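Below is one structure, written out as structure tokens; the observations come after it.
Protein chains: 2
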Amino acid sequence: MSTPLSIKIDRSSPIPLYHQVVQGIEGAIRDGSLASGTRLENEIELAQRLRLSRPTIRKAMDDLVQSGLLVRKRGVGTQVVSSQIRRHLELSSLNDDLERAGKKPTTTLLSFEHIPAPEHVQDLLSLPKDVSVYHFTRLRSAGGNPLALMENWVRDDIVELDEKSLRAHGLYELLREAGVNFRLAQQRIGATVADGAQADVLDTEAGSALVTMQRTAVDDTGRNVETGSHVYRADAYSFEMTLVQR
Amino acid sequence: MSTPLSIKIDRSSPIPLYHQVVQGIEGAIRDGSLASGTRLENEIELAQRLRLSRPTIRKAMDDLVQSGLLVRKRGVGTQVVSSQIRRHLELSSLNDDLERAGKKPTTTLLSFEHIPAPEHVQDLLSLPKDVSVYHFTRLRSAGGNPLALMENWVRDDIVELDEKSLRAHGLYELLREAGVNFRLAQQRIGATVADGAQADVLDTEAGSALVTMQRTAVDDTGRNVETGSHVYRADAYSFEMTLVQR
DNA sequence: CAGTGGTCTAGACCACTGC
DNA sequence: CAGTGGTCTAGACCACTGC
Numbered sequence: 001m002s003t004p005l006s007i008k009i010d011r012s013s014p015i016p017l018y019h020q021v022v023q024g025i026e027g028a029i030r031d032g033s034l035a036s037g038t039r040l041e042n043e044i045e046l047a048q049r050l051r052l053s054r055p056t057i058r059k060a061m062d063d064l065v066q067s068g069l070l071v072r073k074r075g076v077g078t079q080v081v082s083s084q085i086r087r088h089l090e091l092s093s094l095n096d097d098l099e100r101a102g103k104k105p106t107t108t109l110l111s112f113e114h115i116p117a118p119e120h121v122q123d124l125l126s127l128p129k130d131v132s133v134y135h136f137t138r139l140r141s142a143g144g145n146p147l148a149l150m151e152n153w154v155r156d157d158i159v160e161l162d163e164k165s166l167r168a169h170g171l172y173e174l175l176r177e178a179g180v181n182f183r184l185a186q187q188r189i190g191a192t193v194a195d196g197a198q199a200d201v202l203d204t205e206a207g208s209a210l211v212t213m214q215r216t217a218v219d220d221t222g223r224n225v226e227t228g229s230h231v232y233r234a235d236a237y238s239f240e241m242t243l244v245q246r
Numbered sequence: 001m002s003t004p005l006s007i008k009i010d011r012s013s014p015i016p017l018y019h020q021v022v023q024g025i026e027g028a029i030r031d032g033s034l035a036s037g038t039r040l041e042n043e044i045e046l047a048q049r050l051r052l053s054r055p056t057i058r059k060a061m062d063d064l065v066q067s068g069l070l071v072r073k074r075g076v077g078t079q080v081v082s083s084q085i086r087r088h089l090e091l092s093s094l095n096d097d098l099e100r101a102g103k104k105p106t107t108t109l110l111s112f113e114h115i116p117a118p119e120h121v122q123d124l125l126s127l128p129k130d131v132s133v134y135h136f137t138r139l140r141s142a143g144g145n146p147l148a149l150m151e152n153w154v155r156d157d158i159v160e161l162d163e164k165s166l167r168a169h170g171l172y173e174l175l176r177e178a179g180v181n182f183r184l185a186q187q188r189i190g191a192t193v194a195d196g197a198q199a200d201v202l203d204t205e206a207g208s209a210l211v212t213m214q215r216t217a218v219d220d221t222g223r224n225v226e227t228g229s230h231v232y233r234a235d236a237y238s239f240e241m242t243l244v245q246r
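So the protein lines, in turn, are chains F and D. Start counting the first sequence at 1; every next residue gets the next number (full-length UniProt numbering). Start counting the second sequence at 1; every next residue gets the next number (full-length UniProt numbering).
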């Protein structure tokens, strides 16, 4: 049993062929023409029908398996993952959800300094001796409600930051504009309870639950660009992720 | 500038050639012969020197980029990520850390029942009408200290569970023995504060921070095999992960 | 302009699965 | 045994980067 996919391939498009296949299958899953659990055609048949080589088809399948839309089994076939799991997938991060829901996130700059790197930051960012850092704390709110308290350190030899730009733009937006292409981030997620100061800023009770996140991000030249320590109101934020067996 | 890697390829081994390359590069990074930030040879040169095709080399590189050991940039090259980031990588989950540290995790079965699936579980597991579930709660400790309180639901048409086997074996161990090959898991991580009952079982104070995790796992035939809701003592557990730009 | 990774082809043979 | 995904080859041409 298999379903013949109808995917249009445009060989004059700048979008790689394998990615057109990814988009086609994603679209078919989204609009229901490829239902949960459906078996796809085998790779060779699909390649012939779309007039593509099998490696190109496999590259597309690899991406879809990696993103959790398909599961594959040798000797058996490839099928669409159940909609219950996919529904989770689409939630991604609450931050994105909030933006899509029209609850525009806003950011308040609470402190800002340009200083020699403290030792733990020097270590986390693998800083050369002569590089200092920007250190600042921000409060992020959504729909007028405080959501996250964020403390960050950014090396100062990649981007020039000041209070004005941080008030007007997101950190990652500023870094991307400065030519930074992020490749990797290392995250640790845990929990804590709000102390008085945190509760005050986040407009909640001392003793309420907070999600903690420490992150260090690496760019495409291998530099550790920024590291941060964030706390989120647990009643408003959680981390959603898909783990794929490798 | 590039470093000539010495990797032995054994064409008679059952280990795929690309994976031998992955292991070789992982090994060279681990033992320091490929230092942080080092540029690798370009793919074509490496392919020729190892007498492999370029697609095979690229498959290996893709895996290493995906696991966060290498970063690549078109037109520039491929290099080893900084050791500060890699050190995090190796921490993986505290659970593994504890096992490696010799603090053998132990599990106590707190409750066990075999019941028709509650509606939310039926939904999460996409259960057919005639399938019931096992529902049980367990306490996991490490080095004698309570660490996690775990509540799980498992569909009953894949594996036969009873109290005896759950006392003696891990859930995933039992499922693997029953022929289940996990492919995907969907997780949500958040925070809460311990209520009296949780604090009691976890040997901590009411009001202390807990990390929460909900997970649903999918096997290679697309079935949602199990779903669970866990809480961890925040002073003993956190989730570590590497995010890779796609 | 030289060097690098990104995409693509048209095959081949193998290992595993389920009947 | 038929059907499927997993691995591998030996190229080709392109797009981007940094000098």
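We put the beta carbon where it would ideally sit given N, CA and C, even for glycine. The structure displayed is predicted, hence computed values, not measured ones.
Residue i at chain F interface by Cβ criterion, 9 Å
| i | result |
| --- | --- |
| Met241 (chain D) | yes |
| Ala117 (chain D) | no |
| Gly190 (chain D) | yes |
| Arg140 (chain D) | no |
| Ser146 (chain D) | For the record, residue 146 (chain D) in the displayed sequence is Pro; it is not Ser. Closer than 9 Å: no. |
| Arg51 (chain D) | no |
| Ser208 (chain D) | yes |
| Asp203 (chain D) | no |
| Gln245 (chain D) | yes |
| Gln198 (chain D) | no |
| Val76 (chain D) | yes |
| Ser13 (chain D) | no |
Beta-carbon neighbours of residue i, restricted to chain F and to distances below 7 Å
| i | result |
| --- | --- |
| Val81 (chain D) | Leu184, Val218 and Gly222 |
| Val22 (chain D) | Chain F residues near Val22 (chain D): none, gap ~11 Å exceeds 7 Å. |
| Val211 (chain D) | Gly190 and Ala191 |
| Thr68 (chain D) | Reading the sequence as shown, one finds Gly at residue 68 (chain D) and not Thr. Leu184, listed in chain order. |
| Ala234 (chain D) | Gly190, Ala191 and Thr192 |
Residue i at chain D interface by Cβ criterion, 9 Å
| i | result |
| --- | --- |
| Leu34 (chain F) | no |
| Leu40 (chain F) | no |
| Ser92 (chain F) | For Ser92 (chain F), the pLDDT reaches just 46, beneath the cut-off of 50, and the residue's location in the model is therefore unreliable, although a value from the coordinates is still provided. It does not; no Cβ of chain D falls within 9 Å. |
| Leu89 (chain F) | Confidence in Leu89 (chain F) is poor, its pLDDT being 49 and thus under 50, which makes the residue's placement unreliable; the coordinate value appears in the next sentence. Yes, because at least one Cβ of chain D sits closer than 9 Å to the Cβ of Leu89 (chain F). |
| Ile85 (chain F) | yes |
| Tyr18 (chain F) | no |
| Gly228 (chain F) | no |
| Gly37 (chain F) | yes |
| Tyr134 (chain F) | no |
| Pro55 (chain F) | yes |
| Gln187 (chain F) | yes |
| Tyr237 (chain F) | yes |
| Asp63 (chain F) | yes |
| Leu5 (chain F) | no |
Pair within 9 Å by beta-carbon distance, residue i and residue j
| i | j | result |
| --- | --- | --- |
| Val211 (chain F) | Ala191 (chain D) | yes |
| Met213 (chain D) | Gly228 (chain D) | yes |
| Leu166 (chain D) | Phe112 (chain D) | yes |
| Leu46 (chain F) | Gln84 (chain D) | no |
| Arg51 (chain D) | Ile9 (chain D) | yes |
| Gln66 (chain F) | Val244 (chain F) | yes |
| Arg223 (chain D) | Ser36 (chain F) | no |
| Arg30 (chain D) | Glu43 (chain D) | no |
| Gly161 (chain D) | His114 (chain D) | Residue 161 (chain D) is actually Leu in this sequence, not Gly. It is a contact, given that the beta carbons lie within the stated cut-off. |
| Leu39 (chain F) | Gly75 (chain F) | With the sequence shown as reference, residue 39 (chain F) is identified as Arg, and Leu is not the correct amino acid for it. It is not a contact, given that the beta carbons lie outside the stated cut-off. |
| Gln186 (chain D) | Thr137 (chain D) | no |
| Asp220 (chain F) | Ile158 (chain F) | no |
| Ala197 (chain D) | Ala234 (chain D) | no |
| Val154 (chain F) | Glu41 (chain F) | no |
| Asp156 (chain F) | Val180 (chain F) | no |
Within chain F, partners of residue i - CB distance below 9 Å
| i | result |
| --- | --- |
| residue 250 (chain D) | Given a span of 1 to 246 for chain D in the structure shown, any question on residue 250 (chain D) remains unanswerable. |
Proximal chain D residues relative to residue i, where beta-carbon distance stays under 9 Å
| i | result |
| --- | --- |
| residue 247 (chain F) | The requested residue 247 (chain F) does not occur in the structure, where chain F is confined to residues 1 to 246. |
| Asp123 (chain F) | Gln84 |
| Gln48 (chain F) | Simply none; closest approach about 20 Å. |
| Ser126 (chain F) | Ser36, Gly37, Ser82, Ser83, Gln84 and Ile85 |
**Study point:** Touching by the beta-carbon criterion (3+ pairs, under 8 Å), the region 101 to 110 of chain F and the region 135 to 149 of chain F
**Key:** Using a C-beta cut-off of 8 Å, the region 101 to 110 of chain F makes contact with the region 135 to 149 of chain F, since at least three inter-stretch Cβ pairs fall below that distance.
Exercise for review: Take every Cβ of the region 197 to 211 of chain D, pair it with every Cβ of the region 145 to 162 of chain F, and state whether three or more of those distances are shorter than 8 Å.
Suggested key: As far as the Cβ criterion goes, the region 197 to 211 of chain D does not touch the region 145 to 162 of chain F, which means the pair count is below three.
Review point. Within the chosen definition, does the region 181 to 197 of chain F reach the region 171 to 178 of chain D through at least 3 CB pairs nearer than 8 Å?
Key: no
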